[in-house]
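Q: The structure's right below; bear with me while I get my questions together.
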Amino acid sequence: MRYAETGFNLEIDLTRGNIERVATDPRDTELYLGGLGTNAKILWERVPPEVEPFSPDNLLIFAAGLLCGTPAIGCNRTIVSTISPQTMLMAFSMMGGFWAPELKYAGYDKVIFRGKSPELVYLWINNDKVEIRDASHLKGKGAIETAELIQQELNEPKAQVAAIGLAGENRVYFASIEQGKSSASRGGIGAVMGDKGLKAIVVRGTQDLNIAVPGEFLELCNEVLDYIKEREEKPIPGVMPILAGLGSPQEMKIHDEKWHTESFMWGNSRERRKDFWTEEVANEWTKTMEDARKRLISCYNCPMKCGATISIPGLPTYMMKCFSKLTYTMAAFSNLDFGLRIAQRATEYGVDAFSAPQVMAFALELYENGILTNDDFPEMPSDNEGRFFWLLDRIVRREGIGDVLANGTYWAAKEIGKDAEAYAHNNIKKHEQMPLKLSMLNPIYFLMYSTGEKISITQIEGQFPQMPFPTREEREEFVKDWFQVPDEKFKQYFLDWELRGENSFPYYPTVGMCCDIVDWQERMHYIDDALGMCSGLSSFPLKPPYHIHNFPKFISTGAGIDMDEARLTQAAKRYRTLVRAINIGRGMRRKDEKPPENHWKKRFPELEAELLDEYYNLKGWNKDGIPTKKSLHELGLDYVSDDFIKRGILTEIENGTSNDTSAKNEKNKVEDMNHEG
Amino acid sequence: MKGEKKKKIIKTIKIDVDSCNGCRACEVICSAFHASPKYSSNNPARSRIRVIRYPIADIYVPVYAGEYAVAECAGRDKYTIDGKEYDECAFCRASCPSRDLFKEPDSSLPLKCDMCESDPSQKMPLCVQWCLNDALIFEEREEEVEEEVKQEDLEIGLESLANKYGMDKIMDVVARMSTSKKG
Ligand code: SF4
Ligand code: SF4
Ligand code: SF4
């Protein structure tokens with residue numbers, strides 16, 4: 000018997016309309032866990048680098064994480080993987096909500112789509128009954144609207160629907176997949192769904208999911224519940240309110256937006272407004288939110304309330320979460336009322352709330368600077384807010400300039416030419432980033448931004464405080480009950496970390512420490528993405544209820560796979576390396592691994608080079624960021640090195656280390672500088 | 000079947016629909032608890048509490064499985080509260096032929112909340128323990144009641160099967176099973 004997973008995938012060939020239920024190999028679960036891990040394995044095997052994002056041979060995989068559907072609290076993520084039209088790399092966006100557990104109860108771990116349907120269709124999974132149904136009547140409908148209509152026509156109010164809106168249908172490169180309060184937004188996976196002619200996936204399941212060692216598993220769950228209660232009563236002192244508790248940043252609950260509005264950039268990630276948050280603004284925005292917000296809501300089996308139902312008179316109700324509250328507002332230099340209004344339309348269209356506002360602000364900046372002209376914006380309203388609505392409508396319909404902008408700032412700038420590229424200034428690996436511009440290089444964030452293949456910083460960072468605490472007493476207090484660390488040394492790293500002086504940025508934490516910290520942060524996110532755990536209870540917040548010490552027990556008792564910390568770390572490293580291998584195959588190299596040029600004012604090229612060298616080395620990658628033959632062998636990924644050698648990406652005589660003498664010299668120099676500073 | 004007056008502990012779960020965030024943790028733990036062996040599987044479709052959720056209309060009603068009903072009601076009600084229209088049957092606890100709620104998904108046997116009766120007993124019903132939002136609050140009080148002779152679970156189950164398949168068929172199957180069991 001299989002535990003926690005069902006042992007079956009659905010294979011859907013949209014070209015031929017063929018549906019198959021395929022048993023999976025339990026050994027793959029041991030090596031790659033589930034969710035992202037096994038998704039990467041499938042993409043590696045079946046989508047070679049020659050396959051274009053919009054080729055019928057590209058796969059679109061919806062996976063429920065390994066522990067989704069078990070009573071593990073907050074374990075509800077759907078991991079959607081494909082090749083992104085925007086980055087041309089592997090995209091793996093996650094969504095919370097209710098979809099993944101429902102898929103497990105229907106009897107499947109993944110749904111794998113290939114081919115393209117000639118007509119718009121949706122997939123209806125009702126336990127053993129699976130059918131491809133006509134969706135021509137849903138063409139152009141909003142994502143939330145679509146879910147409603149499908150539930151009605153099937154008379155299945157309990158079915159869970161993941162759908163695209165107009166943006167996905169029209170292959171907008173930053174189109175999302177929406178599902179209730181949740182969405183899988185990054186990387187333009189909604190565009191791949193639209194390209195495949197797939198409007199929605201609807202699932203209803205009423206079957207049992209088995210637990211290997213029931214009593215112990217439940218005990219672990221109860222410990223997590225108790226710890227959540229404890230953490231809710233004791234927020235972490237000395238950090239931003241949104242970072243003090245658990246869950247995704249509590250944007251729906253907390254009204255104080257001083258930090259976001261004054262530290263993050265407005266417009267096309269350009270302007271910092273240091274005195275923005277006045278009492279007047281605070282009152283106005285609080286009122287706006289309280290009038291619009293009907294209820295705080297959560298994902299499946301989670302006590303946190305990271306989302307909200309938003310209802311504005313005259314507009315259809317929708318659900319919102321996290322920072323989408325402010326991205327439109329700040330891109331347009333407007334107010335929260337506008338932000339909530341345009342987010343309603345944007346949610347129905349199904350676009351990523353990070354990219355879409357930035358693309359629009361970018362377009363208007365080009366207009367102001369004469370690179371785009373009146374001819375590009377026929378009949379655009381003259382008021383600021385009206386322009387954003389107008390642009391959004393053009394983009395999702397791919398009309399006029401909207402057709403160019405629909406490919407995101409990177410590709411749009413290339414197409415527009417005339418120095419437009421200088422305005423697409425906030426991308427990493429061709430993808431729009433959080434609107435942040437700071438002063439002093441943060442070496443930890445430098446590594447995360449540069450080497451992250453999840454593209455979004457919030458999906459890489461976590462666990463380790465973003466800034467040192469001012470006094471040693473506060474730091475000592477913090478490390479007292481910090482049992483989540485994988486190794487005691489992390490406590491020392493933090494204890495010695497100061498705001499100013501020798502032990503401060505950019506040379507403290509030292510290169511080695513930064514590498515350790517980032518490796519830990521990244522590992523926890525990758526584990527979440529295989530298990531289907533919400534990062535809001537795990538890899539993102541400080542002192543989360545899930546960590547490297549209890550995850551192995553959850554896996555052993557839940558899925559019945561013999562697991563300990565070392566084996567889990569190794570498994571996470573295995574599929575993390577496989578993700579990199581897929582991207583290396585697609586041409587990603589060290590040159591692509593860098594934050595936006597202007598992310599920090601004070602940069603340290605030598606230190607940055609050393610950080611990368613050292614981190615690559617720790618990860619088992621060579622100086623160009625390519626996994627070495629030796630490290631691939633250690634991970635049981637010889638099939639990757641064979642392929643790399645065949646393609647000339649690696650050579651037979653690859654020595655497997657990247658720590659050559661020049662890096663060491665560099666290091667000595669940096670240490671000298673540190674002592675001077 | 001009326002008995003004499005007796006002191007009895009009345010167990011109540013107060014439901015605060017305004018505090019519900021729709022997470023369905025109550026369904027998760029109830030179905031896991033009633034799996035056999037305990038916690039060996041999970042399937043909210045077997046839960047004895049179900050959250051009637053209609054997020055877009057902001058409707059969240061946790062409902063407990065009550066008595067089994069042989070036939071559906073003749074007339075039904077629709078409630079409008081605070082401008083929200085609740086479907087007919089939204090607040091009803093019955094396991095009733097008109098809907099799939101509170102029935103085992105495979106056998107269609109009726110489900111009923113048993114307040115997590117078990118040995119050793121739980122300090123509080125599990126759905127209450129797992130609802131960290133205080134949408135479900137447990138209360139115990141003593142009351143004098145006339146004791147009723149309780150219908151056994153088995154009897155309730157059989158009755159519903161008889162209603163579904165007819166008494167003759169049930170008798171047939173029982174007869175066949177008992178011969179085959181005796182071997
Ligand atoms: S912590 Fe928030 S985002 Fe995460 S599962 Fe819970 S409700 Fe969803
Ligand atoms: S556990 Fe509580 S908050 Fe969650 S659905 Fe049930 S009643 Fe509502
Ligand atoms: S009290 Fe126990 S049996 Fe009743 S619904 Fe809650 S968990 Fe289920």
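If you're matching them up, the sequences are chains A and B in order. With numbering that gives the first Met the number 0 applied, the first sequence covers 0 to 676. With numbering that gives the first Met the number 0 applied, the second sequence covers 0 to 182. Positions of the beta carbon are idealized from the N, C-alpha and C atoms, including for glycine. These numbers come from a predicted model, not from an experiment.
1. For a test of your reading of the model: does the CB of N132/B fall under 6 Å from any non-hydrogen atom of ligand 2? Yes or no.
2. Can you tell which of E19/A, R579/A and P302/A has the C-alpha that lies nearest to the C-alpha of G36/A?
3. Closest by CA to M680/A, which one among P594/A, Q159/A and L13/A?
4. So, Q159/A versus H430/A, is the Cβ gap smaller than 7 Å?
5. Taking the CB atoms as reference points, tell me whether F173/A and G407/A lie closer together than 7 Å.
6. I'd like to confirm the pairing. Which residues does DSSP put opposite F91/A in its beta bridges?
7. Using only the heavy atoms of ligand 1, determine whether one of them is closer than 6 Å to the beta carbon of S35/B.
8. For D108/A, decide whether its Cβ has a neighbour in chain C, counting only Cβ atoms nearer than 7 Å.
9. Under 8 Å: do the stretch 351-367 of chain A and the stretch 416-434 of chain A share three or more Cβ pairs, one atom per stretch?
10. State the beta-bridge partners of E19/A as determined by DSSP.
11. Taking the C-alpha atoms as reference points, what is the distance between D24/A and G64/A?
12. Given 6 Å as the limit, tell me if I72/A has its C-beta closer than that to any heavy atom belonging to ligand 3.
13. Any heavy atom of ligand 2 closer than 6 Å to the beta-carbon of N20/B?
14. Give the secondary structure of T372/A by DSSP, where H, G and I count as helix, E and B as strand, and everything else as coil.
15. Answer yes or no: do V395/A and Y348/A have a C-beta to C-beta separation smaller than 7 Å?
16. Shorter than 6 Å, the distance from the beta carbon of C298/A to the closest heavy atom of ligand 1, or not?
17. Check each residue of the stretch 13-37 of chain A: if its Cβ is closer than 8 Å to any Cβ of chain B, include it; give the result in chain order.
18. Counting only beta-carbon separations shorter than 7 Å, does D207/A have a partner in chain B?
19. Give the straight-line distance between the Cα atoms of G655/A and L631/A, rounded to the nearest whole angstrom.
20. Please compile the residues from chain B whose C-beta is within a distance smaller than 7 Å of the C-beta of T69/A.
21. If you run the structure through DSSP and keep just helix, strand and coil, what is R646/A?
22. Which same chain residues, not among the five before or five after E364/A, have their C-beta less than 6 Å away from its C-beta?
23. Evaluate Q465/A with the Cβ neighbour count: other Cβ atoms within 10 Å of its Cβ, from every protein chain shown; 16 or more gives buried, anything less gives exposed.
24. Using 10 angstroms around the beta-carbon of E670/A, count the other beta-carbons present and answer buried if the total reaches 16, otherwise exposed.
25. Please report how far the alpha carbon of A22/A lies from the alpha carbon of K40/A, in whole angstroms.
26. Check whether the Cβ atoms of P544/A and I227/A sit closer than 7 Å, and answer yes or no.
27. Among Y444/A, Y409/A and V484/A, which one has its Cα closest to the Cα of N549/A?
28. Please confirm if T308/A has its CB atom under 7 Å from at least one CB of chain B.
29. Confirm, please, whether the CB-CB distance from L66/A to G557/A is below 7 Å.
30. Assuming Y525/A and Y574/A form a contact by the criterion Cβ under 8 Å, report the distance between their Cβ atoms to the nearest whole angstrom.
31. Using the beta-carbon count (16 or more within 10 Å), is F482/A buried or exposed?
32. From the beta carbon of A44/B, is the nearest beta carbon of chain A less than 7 Å away?
33. Confirm the yes/no value for this check: CB of S247/A, any heavy atom of ligand 1, distance under 6 Å.
34. Within the continuous alpha helix (DSSP H) that includes V478/A, where are the two ends?
35. Please report the straight-line C-alpha distance between K5/B and R140/B, rounded to a whole angstrom.
A: With the structure as the only source:
1. Taking the second sequence and counting its residues from 1, one reaches residue 132/B at position 133. True, at least one ligand heavy atom lies under 6 Å from that Cβ.
2. Locating residue 36/A in the first sequence gives position 37, where the first residue counts as 1. Nearest C-alpha to G36/A among E19/A, R579/A and P302/A: R579/A.
3. Because chain A is modelled from 0 through 676, residue 680/A falls outside the range shown and cannot be assessed.
4. To locate residue 159/A, count along the first sequence from 1; it is residue 160. To locate residue 430/A, count along the first sequence from 1; it is residue 431. No; because the gap between Cβ atoms is not below 7 Å, this pair is not in contact.
5. Your numbering for residue 173/A matches position 174 in the first sequence. Your numbering for residue 407/A matches position 408 in the first sequence. Yes, they are a contact pair.
6. Numbered from its first residue, the first sequence carries residue 91/A at position 92. The partner list for F91/A (beta bridge, DSSP) reads S80/A.
7. The sequence position of residue 35/B within the second sequence is 36, counting from 1. For S35/B, the CB stays at least 6 Å from every heavy atom of ligand 1.
8. You won't find chain C in this structure, because its protein chains are A and B.
9. Result yes; three or more Cβ-Cβ pairs closer than 8 Å.
10. Along the first sequence, read from residue 1 onward, the residue named residue 19/A stands at position 20. In the DSSP output, where bridge partners are listed per residue, E19/A has E10/A.
11. To locate residue 24/A, count along the first sequence from 1; it is residue 25. To locate residue 64/A, count along the first sequence from 1; it is residue 65. Looking at the two C-alpha atoms, the distance is approximately 16 Å.
12. Your numbering for residue 72/A matches position 73 in the first sequence. No.
13. Working through the second sequence from its first residue, we reach residue 20/B at position 21. Flag set: Cβ of N20/B near ligand 2.
14. Taking the first residue of the first sequence as 1, we reach residue 372/A at position 373. Secondary structure of T372/A (DSSP, three-state): coil.
15. In the first sequence, residue 395/A corresponds to position 396, counting from 1. In the first sequence, residue 348/A corresponds to position 349, counting from 1. It is a contact, given that the beta carbons lie within the stated cut-off.
16. For the purposes of this step, residue 298/A is taken as the residue at position 299 of the first sequence. A heavy atom of ligand 1 is found nearer than 6 Å to the CB of C298/A.
17. Within the stretch 13-37 of chain A, contact with chain B at the beta-carbon level (separation under 8 Å) is assigned to no residue.
18. In the first sequence, the residue the question calls residue 207/A occupies position 208. Taking Cβ atoms only, chain B reaches closer than 7 Å to D207/A, which makes this a yes.
19. Locating residue 655/A in the first sequence gives position 656, where the first residue counts as 1. Locating residue 631/A in the first sequence gives position 632, where the first residue counts as 1. Model confidence at G655/A stands at a pLDDT of 45, short of 50, so the residue's coordinates are unreliable; what they give is reported in the following sentence. The alpha-carbon atoms of G655/A and L631/A are separated by roughly 9 Å.
20. Position 70 of the first sequence holds residue 69/A. For T69/A, the C-beta contacts it makes with chain B under 7 Å involve N41, in order along the chain.
21. Here residue 646/A refers to the residue found at position 647 of the first sequence. In the structure shown, R646/A adopts coil according to DSSP, grouped into three states.
22. Translated into the one-based positions of the first sequence, residue 364/A becomes position 365. Taken in chain order, the residues that qualify are N267 and Y422.
23. Here residue 465/A refers to the residue found at position 466 of the first sequence. Exposed: under 16 other Cβ atoms inside 10 Å.
24. Against the first sequence, residue 670/A aligns to sequence position 671. The predicted position of E670/A is uncertain, since its pLDDT is 38 and thus under 50; a value taken from the coordinates is nonetheless stated next. Of the other Cβ atoms in all chains shown, fewer than 16 fall within 10 Å of the Cβ of E670/A; this residue is therefore exposed.
25. Counted from its first residue, the first sequence places residue 22/A at position 23. Counted from its first residue, the first sequence places residue 40/A at position 41. Cα to Cα, the separation comes out at about 15 Å.
26. In the first sequence, counting from the first residue as 1, residue 544/A sits at position 545. In the first sequence, counting from the first residue as 1, residue 227/A sits at position 228. Closer than 7 Å, so yes.
27. Your numbering for residue 549/A matches position 550 in the first sequence. Among Y444/A, Y409/A and V484/A, the Cα nearest to that of N549/A belongs to V484/A.
28. Stepping through the first sequence from its first residue, residue 308/A is reached at position 309. With respect to chain B, the C-beta atom of T308/A has a partner C-beta closer than 7 Å.
29. Start at 1 with the first residue of the first sequence, and residue 557/A comes out as number 558. Start at 1 with the first residue of the first sequence, and residue 66/A comes out as number 67. Closer than 7 Å, so yes.
30. The residue labelled residue 525/A in the question sits at position 526 within the first sequence. The residue labelled residue 574/A in the question sits at position 575 within the first sequence. Contact between Y525/A and Y574/A holds: CB atoms are separated by about 7 Å, below the 8 Å threshold.
31. Stepping through the first sequence from its first residue, residue 482/A is reached at position 483. In the assembly as shown, F482/A is an exposed residue. Its beta-carbon has fewer than 16 other beta-carbons within 10 Å.
32. Counting from one through the second sequence, the residue named residue 44/B turns up at place 45. With respect to chain A, the C-beta atom of A44/B has a partner C-beta closer than 7 Å.
33. Taking the first sequence and counting its residues from 1, the one referred to as residue 247/A is at position 248. S247/A Cβ: within cutoff of ligand 1.
34. The residue given as residue 478/A occupies position 479 in the first sequence. R471 to K479 is the extent of the alpha helix (DSSP H) around V478/A.
35. Within the second sequence, the letter at position 6 stands for residue 5/B. Within the second sequence, the letter at position 141 stands for residue 140/B. In a straight line, the C-alpha of K5/B is about 14 Å away from that of R140/B.
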